[in-house]
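In this note's numbering, the protein residues as written are 798 to 899.
Glycine residues also receive a C-beta, built at the ideal position from the N, C-alpha and C atoms.
Since this is a predicted model, take the numbers as computed values, not measurements.
Working notes, beginning with the structure itself.
Shown next as structure tokens:
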């Protein structure tokens, strides 16, 4: 299953969060690694002088994803995990009916 994680942390904690991320990333199987994106813009509800990262990754469960992100949370990052549904282009109506059980 794919998950999107939205992370933010104070600029002064960047070294600690990066070190935790490097440590955790070394344990992820190579086929599950996907690029992350660092935003250079201001987002609503993010304190000033904060770094923001958006990443999409695959995990077998939300528990596995949380275990990977927990060290970064301990280092000072605030992380939101959002499960993603894969809907084929042009198939939104069919997929919605399927998920609603109609």
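Alpha carbon of residue i to alpha carbon of residue j, nearest angstrom
i	j	result
residue 845	residue 805	11 Å
residue 856	residue 849	21 Å
residue 814	residue 802	14 Å
residue 891	residue 852	27 Å
residue 764	residue 864	Outside the displayed range of the chain (798 to 899) lies residue 764, so it cannot be described from this structure.
residue 812	residue 874	11 Å
residue 807	residue 888	40 Å
residue 821	residue 847	21 Å
residue 843	residue 825	28 Å
residue 866	residue 809	19 Å
residue 841	residue 819	28 Å
Nearest-angstrom beta carbon gap, residue j and residue i [assumed within contact, 8 Å]
i	j	result
residue 859	residue 880	7 Å
residue 878	residue 869	With 8 Å as the limit, residue 878 and residue 869 do not qualify as a contact, their Cβ atoms being about 12 Å apart.
residue 817	residue 872	4 Å
residue 799	residue 883	7 Å
Buried or exposed by the 16-neighbour rule on C-beta atoms within 10 Å, applied to residue i
i	result
residue 854	buried
What alpha helix (DSSP H) runs, 4 residues minimum, are completely inside the region 848-886?
859-871
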